[in-house]
Amino acid sequence: MLFFQLTGRQIRRSLSSGATTWIWVVATPLLLLAVYAFVFGVIFQARVPAGLEVPFVAWLAVALWPWLAFSDGVLRGAGSIRSNAALISKVAVPRAMLATSTQTAAFLLQLIGYAVVLLVLMIAGIPLHLYALPYLLLLLAALFVFSFGLALFFSAVQVFVRDLEQLLPTLFLFWFFLTPILYAPDMLPGESGRWLLLNPMTWWMEEIRAALFEGKWLPDRVFLVLIAIAGAAAWIGYLVFDRLSPHFEDFL
Amino acid sequence: MNAPLLRLSGVRKTYPPTVQSSQRFRAFLQILARGRSEGGTTVLQDIDLEVRRGESLALIGANGAGKSTLLKIITGVLASSAGSVERRGSQAALLELGAGFDPEYTGLENLRLNAALLGMSRREIEEKLADILAFADIGKSINEPVKHYSSGMVVRLGFAIIAAVSPDLLITDEILAVGDESFQKKCIRWIEQYLDQGGTMLMVSHNMYHVQKLCRHALWLEQGKPRALGDVHDVVQAYLAWHERKDAAQVAATPSSPHLPSVKQLEIMVPAEDPAVVGDTGDLAVRTVISSPDGRPPVVLFGIVRADGTPVFGISSEEDRIKPRPTADGAWQVSVRFRQLQLMPGDYFVRVCAMDPEGLRACDNHDAEFSVRYPTRQQGLVRLQYEWLAHGDGHPGPP
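Those sequence lines, one after another, are chains A and B.
1 is the number of the first residue of the first sequence in our numbering; add one for each residue after it.
1001 is the number of the first residue of the second sequence in our numbering; add one for each residue after it.
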């Protein structure tokens, strides 16, 4: 109840208020998509991996928005405790809820953009395998849990280690380029593509693309691994948060 | 049957050192590894208290005694470093001005969020919304962002929400100091009604009148330690006496005082009996001896004050160009006679005030008590000369 109210508040804050905001929810992702189409399609002439008959922009967009949801969720969630310091030091708020509602709101907002982008891709005639949609939703749910755990972890640690506030966005930019979003793993020279498998986000991106472009609809062992990673992140995030949160007020 | 709503035992609070980032990092590792950090400043210790239903408690103490920190520990905003805090029943706190309000949001949005934080469901909030708005009585400002509110409006809104929740234990920190007169009265009325209906309050206040009016017990904190806990009147009296002693000690410790005149003696010469009682149209004669360390004659003020502090009459040796006479031991002496005292019956003081030779600074005061006694049915402070007039023509009428 309180969680939904806090999440709703965060979403409303991001949209600010006024009649034009819902237009922006749709327009912003489309504008972003147009920018990527121009830069990668026209300037760089980037190509999709062999064997796929889709434009590069569509191939990129399908993976880019889940990444945005993930990283936005973690980064905003991580800052939530520090930015709500005034509230925390005066009212007995359930603190974990501040972090998770911020993370949830950021994640959901990007998912709305994702839905818009997928819709536009379909209208544009890109062949997406719709019967794989349930598996896509499962993958996104697991990604949400992963983002949830990291947000809890970093929001708690950031109270004590303030430098993290500056460091995290850079780390996530680095992570973004280490994840095959702008490129496919097999485009890397030699065996180096295999190192990418150590990055859990590689697995998510590969699975999401496989679902939408190849119609992979049945969860297999890969999905179990992803659930395990997400679950472990959420568990560790919760443990660390639970340990640190009683001391927040002293360090804010 | 009456389990305590709140029980604290052996509570201690130590703020960890947080200035340098290395200290923060060390504390971070210690908390991760052992669940607590070391070092720091202790601001509260040895706090044991119980609050039972219907037994409101006031926290009193000088600034910096740890009252607000203790409230934060009780509400759960702050974790205690040692000891245990047990809570039972619902609890709502109004800690500081604007606590929990987001300045960017409108009053209404903040109201909903705060009520939700206090555990009200969406339906309850809608049901009580009209009551809350009526109690807060801030009109259309409810749709303005809270950053445009005056401090009084913020308190009104905050208190209205608390009042709607009507918790088992109400925790307030010096909130009555901000609202205007009528809102303060409204709050007090609400609190009294709430207490009558079995509510319990834990309050921090510097207003001893409110404390004694609203609470049954008081805890006096001094530098983070409990100094006294018990019946509100006893504790408040001890606390006020401590303040008076502290004031007196400060006055005595003023470094310039040895060089300033001080009253050595004040004596009522007429009437001679002790205690001095003046009758109808009696005289009052007073003598004072004042020491003046720099050897110059001091300026002396005499005054008559009623026992409740109402000043009646005052004179100054400087205005009347009277010079104190030197005594044999190097002090100065002044005597004065008030003839045919026209005071109404009652208890009075004659007060002498020694000033520096320039007549600029009041240095020392002394009071001597006397009473005026005689039978009369007239009213007031002094007897004025009067006569009844016949037919309102301004001429004396027949006796």
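The beta-carbon is built from N, C-alpha and C at its ideal position, and this holds for glycine as well.
Please list, in chain order, the residues of the segment 1157–1180 of chain B that have any C-beta partner in chain A closer than 9 Å. none
Pick from B:Val1077, B:Gln1265, B:Thr1014 and B:Ile1060 that is closest to His1206 of chain B, judged by C-alpha positions: B:Ile1060
Give the DSSP bridge partners of Lys1067 of chain B, in chain order. DSSP, once it has assigned bridges, lists no residue as partnering Lys1067 of chain B.
Here's the rule: buried if 16 or more other CB atoms are within 10 angstroms of the residue's CB, otherwise exposed. What is Leu212 of chain A? buried
Rounded to whole angstroms, how far is the Cβ of Ala63 of chain A from the Cβ of Arg209 of chain A, which I believe are closer than 8 Å? 6 Å
If we count the other Cβ atoms within 10 Å of its Cβ and call it buried at 16 or more, is Phe154 of chain A buried or exposed? buried
Mind reading off the beta-carbon distance from Leu252 of chain A to Ala85 of chain A? Whole number of angstroms is fine, and I expect it under 8 Å. 4 Å
Specify the secondary structure class of Met1001 of chain B as computed by DSSP and reduced to three states. Because the pLDDT of Met1001 of chain B is 45, which lies under 50, any placement of that residue in the model is unreliable, and the number read from its coordinates should be weighed accordingly. In the three-state scheme derived from DSSP, where H, G and I count as helix and E and B as strand, Met1001 of chain B is classed as coil.
Looking at chain A, which residues of the segment 1288–1321 of chain B have a Cβ within less than 9 Å of any of its Cβ atoms? none
Can you list, in chain order, the residues of its chain whose CB lies under 8 Å from that of Trp235 of chain A, leaving out five sequence neighbours each side? Gly149
Val1019 of chain B: which of B:Pro1324, B:Gly1107 and B:Gly1039 sits nearest, CA to CA? B:Gly1039
Below 9 Å between beta carbons: does that hold for Leu1057 of chain B and His1217 of chain B? yes
Find the residues of chain A that neighbour Gln1129 of chain B, judging by a C-beta separation of less than 9 Å, and give them in chain order. Sequence check: residue 1129 of chain B is Leu here, not Gln. Correct list: empty, because the minimum Cβ distance to chain A is about 15 Å.
How would you label Gln1379 of chain B, buried or exposed, when you count the other beta carbons within 10 angstroms and need 16 or more for buried? exposed
List the endpoints of the continuous alpha helix (DSSP H) containing Tyr1348 of chain B. Element bounds for Tyr1348 of chain B: not the alpha helix (DSSP H) but the beta strand (DSSP E), Gly1346 to Met1355.
Quick check on Ala58 of chain A - is its C-beta less than 9 Å from some C-beta in chain B? The C-beta of Ala58 of chain A comes no closer than 9 Å to any C-beta of chain B.
Is Met1001 of chain B buried or exposed, if buried means 16 or more other CB atoms sit within 10 Å of its CB? With a pLDDT of 45 at Met1001 of chain B, under the threshold of 50, the modelled position of that residue is not reliable, and the figure given next carries that caveat. Counting Cβ neighbours within 10 Å, Met1001 of chain B comes out exposed, since fewer than 16 surround it.
Does DSSP put Phe1101 of chain B in a helix, a strand or coil? coil
Just the Cα atoms here: how many angstroms apart are Phe1302 of chain B and Leu1240 of chain B? 29 Å
Assuming the contact rule is C-beta atoms closer than 8 Å, Ala1331 of chain B and Val1289 of chain B should be a hit. Round their C-beta distance to whole Å, please. 5 Å
DSSP puts Asp1173 of chain B in a beta bridge; with which residues? B:Val1204
Please state if the CB of Asp1173 of chain B and the CB of Leu1094 of chain B are separated by a distance shorter than 9 Å. yes
Strictly under 9 Å for the Cβ-Cβ distance: is Ser80 of chain A near chain B by that measure? no
Between B:Glu1318, B:Ser1150, B:Ala1116 and B:Gly1346, which has its C-alpha nearest Ile1162 of chain B's C-alpha? B:Ala1116
Reduced DSSP category for Met97 of chain A - H, G, I as helix; E, B as strand; rest coil: helix
Rounded to whole angstroms, what is the Cα-Cα separation between Lys1264 of chain B and Gln1212 of chain B? 38 Å
Out of A:Pro29, A:Leu239 and A:Gly8, state which residue places its alpha-carbon closest to the alpha-carbon of Val116 of chain A. Nearest option by C-alpha distance: A:Pro29.
Which residues in chain B have a C-beta closer than 7 Å to the C-beta of Asp250 of chain A? List them in chain order. Tyr1015, Pro1016 and Thr1018
Pull up the distance between the alpha-carbon of Leu60 of chain A and that of Leu32 of chain A, whole angstroms please. 12 Å
Report all residues from its chain with a CB closer than 8 Å to the CB of Arg47 of chain A; omit the five preceding and five following residues, and keep chain order. Phe56
What distance in whole Å lies between the Cβ atoms of Lys90 of chain A and Glu1096 of chain B, which are believed to be in contact at a cut-off of 8 Å? Confirmed, Cβ separation roughly 6 Å.
Chain A contact for Thr1075 of chain B (CB, 9 Å cutoff): Under the 9 Å criterion on CB atoms, Thr1075 of chain B is classed as interfacial with respect to chain A.
Proximal residues to Gln1023 of chain B (C-beta, below 6 Å), its chain only, five neighbours per side dropped: Pro1017
Since Ser1291 of chain B sits in a beta bridge, which residues does DSSP pair it with? B:Ser1262
Go to Arg1123 of chain B, then tell me how far its alpha helix (DSSP H) extends in each direction, as first and last residue. Under the DSSP assignment, Arg1123 of chain B falls in the alpha helix (DSSP H) whose first and last residues are Arg1122 to Ala1136.
Quick one: which chain A residues come within Cβ less than 7 Å of Phe1028 of chain B? Phe160 and Val161
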